[in-house]
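These notes concern the structure reproduced below.
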Amino acid sequence: MNTLTDIAAQHGPMWAGGGGPGWWIVFPIVWFLVIVTVILLVGRFGRRRWAEARSGVGAGRSRLAERFAGGEIDEQEYRSRLAVLDEVRRK
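This note's numbering numbers the first residue of the sequence shown as 46 and each following residue consecutively.
Okay, here's the thing in structure tokens:
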């Protein structure tokens, strides 16, 4: 009858045939990093859009674009007001 010690002596360490510690640990780590990255990106861009919607900057930009397209304001006034909205957005 062969014991585990006899089998190990005949075949070497168990991982010598590719069945032990090694690359299997890399895949869970990679998946974890991918999931964390996706969560961070969604949180970052979602928070930015939520802040814009909450502050009314998005609506202001739309209204400003409509006024410019309708000829109510000229390009210089459009750009200056857009700069003010962008400044508010960064805060």
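Every residue gets a Cβ at the ideal spot worked out from N, C-alpha and C, and that includes glycine. Given the structure is predicted, the values throughout are model-derived calculations rather than measurements.
Cβ neighbour criterion (16 or more within 10 Å) applied to residue i
i	result
Leu109	buried
Residue i versus residue j: straight-line alpha-carbon distance, rounded
i	j	result
Val75	Leu86	17 Å
Thr82	Glu111	37 Å
Gly105	Leu130	8 Å
Gly116	Pro73	57 Å
Leu138	Leu127	No answer is possible for residue 138: the residues shown for the chain start at 46 and end at 136.
Phe113	Gly103	15 Å
Arg92	Val71	31 Å
Asp119	Arg94	28 Å
Arg89	Ser125	27 Å
Ile39	Trp68	Any question about residue 39 goes unanswered here, given that the chain covers just 46 to 136.
Gln121	Glu132	17 Å
Tyr123	Ile84	36 Å
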